[in-house]
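**Q**
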Amino acid sequence: MSGYAELCCVSAFSFQRGASVPEELVLQAAKLGYEAIAITDECSLAGAVRALQAAETARDTHGIAIKLILGTRLMLAEGIEIVLLARDFAGYTQLCRLITEARRRATKGHYGISQTDIEGRDLSGCRLLVLPVHDVASGASLHTVLAWLSATWPHQSGIALALHRQARDGAHLQSLENLRTRYGLPLVAVGDVHMHRRSRRALQDVFTALRFNTTVAEAGYRLASNGERYLRPIATIKKLYPAHAIEAARWAAADCSFSLRTIEYKYPSELVDDTRSADDLLKKYVHRGCATIWPEGIPAKTKKQIDSELEVIGRMNYAHYFLTVYDIVREANQRGILCQGRGSAANSAVCYCLGITAVDPTRNELLFERFISEARKEPPDIDVDFEHERREEIIQYIYAKYGRHRAALAATVIHYRPRSAMRDVGRVMGLSVDQIDRLSAALSRRSDDGSLGDQLAEHGIDIGQPLLEKILWLVNDLIGFPRHLSQHVGGFVLSDRPLEELVPVENADMPDRTIIQWDKDDLEAVGLMKIDVLALGMLSCIRRCFDLIESHTGQRLSMASIPGGDAPTYAMIQKADTIGVFQIESRAQMTMLPRLKPARFFDLVVEVAIVRPGPIQGGMVHPYLEARNKNPADIEYPSEALRGVLERTLGVPIFQEQVMKIAMVAAGFNGNEANGLRKSMAAWKKEGGLESWRERLKSGMRANGYDDDFADRIFEQIKGFGSYGFPESHAVSFALLVYISAWLKCHYPAAFTAALLNSQPMGFYGPSQLVTDARNHAVDVRKPDVRYSDWDCTLETVPGVAAANEPRPALRLGLSRVKGLSPDAAQRLVAARSCGGFRNVADLVQRAALDRRARDALARADALEGLAGNRHNAQWHIAAARVHDDLFADLDPPEDPIALPEPAEGTDIISDYANLGLTLRRHPLALLRKTLSRKGVLHARSFNRLADQQTAHVAGLTTIRQRPGSAKGTTFVTIEDETGPVNVVIWPSVFAQYRVAVTSARLLRVIGHMQRAGPVTHCVARHIVDDSALLGALSVRSRDFH
Amino acid sequence: MWLALLFPHWALDSRGAMASQKALALVADSSLGRRHVIAASEAVVRSGVQRLMELADAQLRAPDACVLERRADAESAALERLAGWAWRYSAQVHVARESNNVATTRLVFEIGASLRLFGGQRALIARIQDNLADFGYRHNAGIGDTPAMALARAHAPRRLRSQPLARLPLSCLALPSGTLASLQASGLREIGELLSLPSAMLHKRYGAELLEYLDRLHGFRPHGLACYRPPQRHITRHELFGAVESVQGLAFVLRRVFIELGAVLRGAGAAIQTLKLALIHDQAPTTRLTLHLSAPSRSADHFERIAQYRLARLDLVAPVLEIGLATDQLRPVEPDQQTIEHDNSAAPTPGHWPAVLDRLRARLGHDAVYWLHAPADHRPERASCRAEQPTDSPTPSAAPRPLWLIEPPRPAPANLRFISGPERIETGWWDEATSVRRDYFRAVDGNGRQLWVYRRLDDEVATGSNVDTPRYYLHGLFG
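So the sequence lines, in the order shown, correspond to chains Z and F.
Take 42 as the starting number for the first sequence in this note's numbering and just add one per residue.
Take 14 as the starting number for the second sequence in this note's numbering and just add one per residue.
(1) Can you look up F/P235 in the DSSP assignment and give me helix, strand or coil?
(2) Determine which residues share a DSSP beta bridge with F/L120 and list them.
(3) Give me the chain F residues within the contact set of Z/L941, using Cβ-Cβ distance strictly less than 8 Å, ordered along the chain.
(4) Can the beta-carbon of Z/F756 be found closer than 8 Å to that of Z/L785?
(5) Run down chain F in chain order and give the residues with a C-beta less than 7 Å from the C-beta of Z/M470.
(6) Tell me which residues share the same chain as F/R218 and place their Cβ nearer than 8 Å to its Cβ, disregarding the 5 neighbours each side in the sequence.
(7) Does the pairing of the stretch 506-515 of chain Z with the stretch 457-471 of chain Z give three or more beta-carbon distances under 8 Å?
(8) Can you pull out the residues from the stretch 169-189 of chain F whose beta carbon lies closer than 7 Å to at least one beta carbon of chain Z?
(9) Which class does Z/F427 belong to by DSSP, given the choice of helix, strand or coil?
(10) Using a Cβ-Cβ distance cut-off of 8 Å, determine whether Z/N799 contacts chain F.
(11) Give the residues of chain Z in contact with F/S54, contact being defined as C-beta atoms less than 9 Å apart.
(12) Start and end of the alpha helix (DSSP H) containing Z/C582?
(13) What's the C-alpha gap between Z/D753 and Z/R743?
(14) For Z/I477, which residues from the same chain have a beta carbon less than 8 Å from its beta carbon, with the 5 sequence-adjacent residues on both sides left out?
(15) What residue range is occupied by the uninterrupted alpha helix (DSSP H) comprising Z/P664?
(16) Give me the chain F residues within the contact set of Z/Q916, using Cβ-Cβ distance strictly less than 7 Å, ordered along the chain.
(17) Which same chain residues, not among the five before or five after Z/T134, have their C-beta less than 6 Å away from its C-beta?
(18) Since Z/A264 meets chain F, which of its residues come closer than 8 Å, beta carbon to beta carbon?
(19) Report yes if the CB atom of Z/T1011 is closer than 8 Å to the CB atom of Z/N1024, and no otherwise.
(20) Please confirm if the stretch 312-319 of chain Z is in contact with the stretch 81-99 of chain Z, defined as three or more CB-CB distances below 8 Å between the two stretches.
(21) Counting only Cβ pairs nearer than 7 Å, list the residues of chain Z close to F/E222.
(22) Does any residue of chain Z have a CB that is nearer than 8 Å to the CB of F/R59?
(23) With a 10 Å radius around its C-beta and 16 neighbouring C-beta atoms as the bar for buried, classify Z/M551 as buried or exposed.
(24) Go ahead and pull the three-state DSSP assignment for Z/L272.
(25) Quick one, are the C-beta atoms of Z/L480 and Z/L497 less than 8 Å apart?
(26) In this structure, how does DSSP classify Z/L446 when only helix, strand and coil are distinguished?
(27) Shorter than 8 Å from the beta carbon of F/E436 to some beta carbon of chain Z?
(28) With F/R180 and F/G205 assumed to form a contact (beta carbons below 8 Å), what rounded beta-carbon distance in angstroms separates them?
(29) Can you give me the Cβ contacts of Z/L217 inside the same chain, cut-off strictly under 7 Å, excluding the 5 residues immediately before and after it?
(30) What number of angstroms, rounded off, separates the C-alpha of Z/F984 from the C-alpha of Z/G997?
(31) Per the DSSP calculation, Z/E565 is bridged to which residue(s)?
(32) Is any beta-carbon of chain F found at less than 8 Å from that of Z/L48?
(33) Using DSSP with H/G/I as helix, E/B as strand and the rest coil, what is F/P363?
(34) Determine whether the Cβ of F/S433 lies closer than 8 Å to any Cβ atom of chain Z.
(35) Who are the Cβ neighbours of Z/S1069 in its own chain at under 6 Å, not counting the five residues just before and after it?
(36) What in chain F is Cβ-close to Z/T1040, meaning under 9 Å?
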C-alpha cells in the first residue's frame, strides 16, 4: 500500500496564515495522488464549499478522485492545538456548533475556546487530533488533554506528528512515540500544510509578518525556518515518517465519510399550518391577489402563465421561499414601507399577484426567459429593495420572526485587490507609509486593469529595483486572495433548523449582527436559499413624495396606481429633463435620452440596461441607436431562431439573459453550460478562462451554420459584458422606478423636489442643483424660516390659487437644510412654535431652548429674517439671547440699537452657500458677469447654442466631476452659471496639463469648442483656467463622483 | 515695545539644513484624521500648496516633493533653542504654541529696553531678521506696544502691515474661533469696528474674556505671559595661572574643575552624560576632547578617571592656557547611579558596567569593546552580531547550534560520517545577499571532530540532484 491522506491543512481562509486557496490545495493533493485531504482552517469552515467544488472539478474535469474531509483546527486557551475532523453528518453539526460558540464569544475575526469547553461536549461524530509543537511535547497541559482524550474518545483520537526537516525532528518523534505508548493513542502523520506548493513560501512569510504586525526582516523566529509546510510528494512523506503513522492517517481518513452534499436544508415552515400544504397556501395567496388586480377575471394568457409558474414552484419545492418573501413584503406594506422586488424570480406573474413587484407582466410585453431554471438546481433569486432609512425595521422583523439562531446574513468574502495587496506587502517589506501611498496610488482599484508593473511604470516608478520586483511578484500572488469576511449588504439566510447546525455563525462588525461563514456563491452551490433585503434611496423618496401629495391634496397614490404610458412624462424624458429621476439623471444617461427617445416602458428598460459600462464597452450602444432609426422590417437577423431572441432589442444583445439565450439557441449550449458561461462572464477579468468558451461557442455556432465572423462578434460582445452585464430582470424593476419618479417629477414637481431634498444624500445632484431645477420648472421655492419651516421640506399653498384643479404648491425649505442645526434643536423649535408664534429672537431662544450652536446656525442661514431683520442684525441680536432657567426672570432690558453694516448681495450669496449649501438669490456668476464679459466669456446658454466646432470661452461653478472607468481616462465636468449648465469634456492629454485646475477649481473658465450631435452638446476643452479667486470666500462645493 | 515672530512653516524650517536642502518638501501630519500638509518649502508653496491642505491634494500640485513625517519633539526642542537665541536680545521672552499646533508657533519678546544697546529699532530688527535668515526660519514679524498688539500685526497680511491697528482685519486678533465667527457674521470686518462697540454689549455676548483680551491688547492690563527661562547646562571657562605644559599638570587642574562641576550637579540634583573639554593654547588651534559616559553621572571621581584615561592617549601640541568645559543638558539623576559616587576604584562588581566599560573604552578605543547580540534569525550567519549596548536578546533558537561559527564557510573535508540531519534552513528570500537555502548535517571528520556542514539546495537543482557527490561546506565546530 502506498497512499497518503493529509489531515491537517489550512487554506487562505485561515486569514493571514494559509498561503493557498482551497481550490489550489485540493487540486494539488489530487494531482499528487493523495487519497484524501482535510481542509482544517482555524476555527472556520469558510473555505469548505470552495474546497468541495474543487474536489468535484478534480473528479469531473481531471478524472482524479480525491476525498474531501472537513475539519477545523483550534488553539485552546491552554496553548494546545487540536484538529477536529467531521466523520459524519452528526460530527459536522457538532463542528459547526463548536466553531459558532468559539466565534460568537469573541470579537469579529477572533475566537476563544478552552479545554473545558470541549470536555463536556458530544464529539461522537468527530475525529480528534492533538498537534504538539516541537519542544512542548512534555508540557503539563498536553498531558491533561491526552489523558482526557484517551479516557473519553480513545478510538477517535490520535497524536498528530508533523515533521518538517527541522533540527530536532528526531527528538520530537521520540517524545511523541513515548506519549503514544503512555496514552495508547496512535501517532498520525500530518503535514501541517500551509500552502499547496513551496513556491508560496514567501507569501507565507508575508502573512506571518502581517499577523504579528511586523516586517519580514524583523519577524525573526516567528517565520518558519524553511518552506516544508507544503503538500509534499508521497515519496518524500514516506522517507520522513514512520510507516505506522502514515497508515494511521489513511485509516482516520477512511473513517471520515461526511460529504457536504448530504446536508439537508429546509426552509422555515412557520408560515404554513397543519391544515394546508405550502403549495396550497401559496396558491391561495396568489388567487387572492388576482381577485384584487383583475376583479373582472384573469386574462387567459396570464392565467396560463400563473398556472405554469405555480406548477414549477411546486415541482421544485420552492413554495416556502415565495411564502417567506411574501410575508416580508406584506409586513413592509403594513408598516407603510415601500418595497420592490427584482431578479428573475421576482418579475413573475406569481410575484406580481403577491405584490412583490409592481411590474405588470401582462402590460409590459416582456418575456420571462429565466423564471426559474429547472436544469440548474439553483435556488430562485429574489432581491427586495426597501426604503433605505427603514430597511432596519424589516431586518429586525426577520430576526424577531425567525429568531437569531435561524436567521443570519450571508458573508461577503473581501478579496485582496491591487491597492490593498500593495499596502500589506509594502508594509511587511519595510516600505515607509509614503512609499506605500505612492505605489498604491499608482495602481488601479480593479484587479483587471493589466500588468501592475506597467501601471507603476506609467507613473514614472522605476520597477527595475530588486526590492520592488519582489514586492510586485508577491502582490500579484496576493491579489484575489480572501482577506477577511464581511457582511453581505442584505442577503439573509433562513433555516428551519438552527443555522449553526449547517454552517458556523460568527459576529459581524455591527453589534447584534451575525453572519454565516459562507458567501452567496457558496450558498448557491449547496442549495441554501437567501433573500436579499436591500436598501434603495429612491423608494424613500417616492414614499415621501406620496406622503407630501397626500398631505396637500388628500389623495393617496401608490406605485400600482400611477397610470402607465403617460405622454407628458415620456415627452419630458425625451427632452432629458430628468434631474432627480431615478437612474436616468446621470450625465451619460441624459445624453442618451434625446437620441433613444424612450416612448414606452420597454424603452426605459433598455435605457437602464444600455447606459452601463458593459454594453458601452461591448459596442452595443451605437448599433442599437442605428437600429432604432431603421424600419423594423429592414433589420436583419442571422437566423430565424435568433430573431426570436433578439427581435425585442432590434438585433442587438443588450441583456445578460439574451447572451445566455444566444449561446443556447445558436451554439447549442444546454442550460448548465449557458449558466457556466454567465458565471465566467462575471469573473473572467479576475480569473481569465473565457477563451475556452470561445472555441466551444464557435464550434457550436459553426455546427448550426453561423459563420465565424458572427461568432467572434458575439464573443467579443460577451467579453465586453464582463462583470457589468445587466440582467433584464433587474432592469425591468429599475425601469418601473424610473417611470414612477419621472411621472412624479412631471406632475408634482414641488412635491418631488421636496421628497428628494428630504431623502438626501442620494442620487447624482446636490440640493443646490435640485432647487435650481425646481425653480426652472416654475416651482416657488422659499427659504428656511423659523416662522414656517419644519425639519423637512414641506409644501405651502400659494395664496389665491385654487388647490383643487391644478395644485401648484410652493416648496418651503426645511430646517434640515440649515448647516450646523441639530435635529433635536429643530424639533424643539417646531414644538415650541406649535404653542404659538415667536414674538422675537429672545422668545424663540427661550422657548426652543436653543444653544449657542443652534442660534448661530439659524442666524447665519438667514432663517431669522422675519424676527430680526438681515443676517447681520440677526446674528448680533441672537448672540445676546440667553436661555433663562427661571421663566419668570425679568428679560434683559432692551439695548440701544447699533448700526451694523448691511450685508452686500455678494455677502448674502456667499453666506447662503456656506450655511445652506444653496442660494435662492442670484447665481454668484451673475455678480461676476461684467468681469467675465471683459474676458470674453459667453453665457452658458449662448454657448450651448453655438454651431458645431465653434470655439468660445465659458465659465461656471463646477458641480460634477466624473472620470468613468469606461471612458478611457476622459474626464467629464459640468459647470454651471446663471443661465444653466455646460457639459465639458476633457481629453486625457488636456487633463494632464490642467490636472490641478480640473480637480480643485470651484470656478472654472474653459476655452473649448462646441461638439454638437443634434440636441446633445458638449464643450471640448482646450485650455482651462482656475478662476476660483474671483469667488473670494464662496464655499460652494462640487459633488465628486469617482 | 514688543516684537512678535510667527513661524508658519516651523515644522519644516526647524528641521534645519538637512530638510531645507531638499528643495521640495512637505511635512505631513495625520493628527487631523487624514494626512495634511503642515509645512512646505518655498518652492512647494509657490506651486500652490497651502498649509492644512490634504496631502494627496498637495502632491497633485507638487508631485516631486518629498514628504517628511512630523517630529513634534524636535520642533519643541528647536523652539526652545530659538528662545535661547532671543534671550540675547531681551530678558522678557515668551515662547509658545498651543497643543502642538504649528500654526501658533510664536516668539514674543520685549525689545524696547534693548534698542539703545543695538543701535535703534531699525538696526535691531535688521539684525534679528539677518539671524533668522541665517537659520532659514521663515517668519512674520509684528511690532506693537503690547505682546497682543505685536502678535496682531504679525498676523496681518503683508499688504496691510503699515495700516493702523484699527484697519487690520478682525482675524488678526487672537479671538476664540466662535467669537470671531460670530462677529464676522454680524458684519464686522476690521478691528476698529469691534473697538467702537459699547463694551457692555460685547460683555453680554462674549463675556469678560473678550474684554480682558482687548484690555491686554491696549496694555490696560498686564500681559500675563510666562517668561522663558534658559536651559540649564554647565558651561564654564577656567583660566589657568600660567601655561600648563604636561598632561600630569593638566590632570591636576582638571581635578578642581570636576569637583566644581560635581558640586553644581549635586546641587541641581542632576547628572550629565557628555563632557566637552576645550584646551586653549596660545599659538596652536584649540584641542577639543569629548568624553562620552555610558550612563549619566555626577561623580567628580568618575569624570576625573575617564579624563585621565583619555589624556593618557593625548600628546599636547602646545601649552594650555585655558580650559573650557561644556556639558550636555543636565538631566535629573537616576537613583542607581548613587553607587558610582562611592566607588573607590576597587574591583568592579556586577552592576558597575558603566564605569568599567567607560574605562575599557577610554583605554582600548570605543569600538574595541562590544556586546555580542543574538538577533532572532534562522540564518546562522545573521544570528549573532556586535552591539554597542547590552541588548535584550530574544530567546535564542531552540535548534542545536555550534559554539564556533566558521565565517565565511569553507569546503568541508572529505570522508565525513553523518550523525544527524538534515535540518533544512531556507529563508532570507527578501534579501538577495543573505538568502539561504541549505540542508545542515552534524558530521564527524577523520580527526573525530564534530562538524556542522551543509549542502546547498540550489546545487541540487543545478546539478540535477546529483546526490552521490554533493558538495559540503563547513560552517561550524561543535568542539
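For each residue, glycine too, the CB sits at the ideal point set by N, CA and C.
Being a predicted model, the structure only gives us computed values, none of them experimental.
**A** Taking the structure as given:
(1) As a working note, residue 235 of chain F is residue 222 in the second sequence. F/P235: coil per DSSP, three-state reduction.
(2) To locate residue 120 of chain F, count along the second sequence from 1; it is residue 107. Partner(s): F/L18 and F/V108.
(3) To locate residue 941 of chain Z, count along the first sequence from 1; it is residue 900. Those within 8 Å of Z/L941 in chain F are S199, G200 and L201.
(4) Sequence index remark: in the first sequence, residue 756 of chain Z carries index 715 (1-based). Sequence index remark: in the first sequence, residue 785 of chain Z carries index 744 (1-based). No, Cβ-Cβ distance for Z/F756 and Z/L785 is not below 8 Å.
(5) Taking the first sequence and counting its residues from 1, one reaches residue 470 of chain Z at position 429. The contacting residues are W443.
(6) For this step, residue 218 of chain F is matched to residue 205 along the second sequence. Counting only Cβ-Cβ distances below 8 Å, and skipping sequence neighbours, we find S195.
(7) yes
(8) none
(9) As a working mapping, residue 427 of chain Z is identified with position 386 in the first sequence. Reduced to three states, the DSSP call for Z/F427 is strand.
(10) Walking along the first sequence from the start, residue 799 of chain Z turns up at place 758. Not an interface residue.
(11) On the second sequence, residue 54 of chain F is found 41 positions in, with the first residue counted as 1. The contacting residues do not exist; F/S54 stays about 16 Å from chain Z at best.
(12) Stepping through the first sequence from its first residue, residue 582 of chain Z is reached at position 541. G578 to T594 is the extent of the alpha helix (DSSP H) around Z/C582.
(13) Start at 1 with the first residue of the first sequence, and residue 753 of chain Z comes out as number 712. Start at 1 with the first residue of the first sequence, and residue 743 of chain Z comes out as number 702. One C-alpha to the other measures close to 11 Å.
(14) Within the first sequence, the letter at position 436 stands for residue 477 of chain Z. Excluding sequence neighbours, Z/I477 sits near M463, R464, G467 and R468.
(15) As a working note, residue 664 of chain Z is residue 623 in the first sequence. Looking at the DSSP string, the run of the alpha helix (DSSP H) that includes Z/P664 is V662 to N670.
(16) Taking the first sequence and counting its residues from 1, one reaches residue 916 of chain Z at position 875. By Cβ distance, chain F contributes S195, A198 and S199.
(17) Counting from one through the first sequence, the residue named residue 134 of chain Z turns up at place 93. Around Z/T134: E542.
(18) In the first sequence, counting from the first residue as 1, residue 264 of chain Z sits at position 223. Looking at the sequence itself, residue 264 of chain Z is Leu, so the reference to Ala does not match. In chain order: H391 and T440.
(19) To locate residue 1011 of chain Z, count along the first sequence from 1; it is residue 970. To locate residue 1024 of chain Z, count along the first sequence from 1; it is residue 983. Result no, Cβ atoms of Z/T1011 and Z/N1024 do not sit closer than 8 Å.
(20) no
(21) Taking the second sequence and counting its residues from 1, one reaches residue 222 of chain F at position 209. Neighbours of F/E222 on chain Z: none; closest Cβ ~14 Å, over 7 Å.
(22) Position 46 of the second sequence, counted from the first residue, corresponds to residue 59 of chain F. Cβ-Cβ to chain Z under 8 Å: no for F/R59.
(23) As a position in the first sequence, residue 551 of chain Z is number 510, starting the count at 1. Label assigned to Z/M551: exposed.
(24) For the purposes of this step, residue 272 of chain Z is identified with residue 231 of the first sequence, where counting begins at 1. Here Z/L272 sits in coil by DSSP.
(25) The residue labelled residue 480 of chain Z in the question sits at position 439 within the first sequence. The residue labelled residue 497 of chain Z in the question sits at position 456 within the first sequence. Yes.
(26) As a first step, residue 446 of chain Z is located in the first sequence; it is residue number 405 there, counting from the start. Correcting the residue type first, residue 446 of chain Z is His in the shown sequence and not Leu. DSSP places Z/H446 in coil when its eight states are reduced to three.
(27) Counted from its first residue, the second sequence places residue 436 of chain F at position 423. Yes, F/E436 lies at the interface with chain Z (some Cβ there is under 8 Å from its Cβ).
(28) If you number the second sequence from 1, residue 180 of chain F lands on position 167. If you number the second sequence from 1, residue 205 of chain F lands on position 192. Indeed they touch by this definition, with Cβ atoms about 6 Å apart.
(29) Against the first sequence, residue 217 of chain Z aligns to sequence position 176. For Z/L217, where only same-chain residues beyond five positions count, the Cβ hits under 7 Å are P173, A178, I200, L202 and L228.
(30) For this step, residue 984 of chain Z is matched to residue 943 along the first sequence. For this step, residue 997 of chain Z is matched to residue 956 along the first sequence. The alpha-carbon atoms of Z/F984 and Z/G997 are separated by roughly 12 Å.
(31) Numbered from its first residue, the first sequence carries residue 565 of chain Z at position 524. Answer is none; Z/E565 lacks a bridge partner.
(32) Counting from one through the first sequence, the residue named residue 48 of chain Z turns up at place 7. Judged by the 8 Å Cβ criterion, Z/L48 is not in contact with chain F.
(33) In the second sequence, the residue the question calls residue 363 of chain F occupies position 350. Here F/P363 scores only 41 on pLDDT, less than 50, and its place in the model should not be relied on; the value that follows carries that caveat. Three-state DSSP puts F/P363 in coil, outside helix and strand.
(34) The residue given as residue 433 of chain F occupies position 420 in the second sequence. At least one chain Z Cβ lies under 8 Å of F/S433.
(35) As a working note, residue 1069 of chain Z is residue 1028 in the first sequence. Around Z/S1069: A1042, R1043 and L1044.
(36) As a working mapping, residue 1040 of chain Z is identified with position 999 in the first sequence. Those within 9 Å of Z/T1040 in chain F are D70 and L73.
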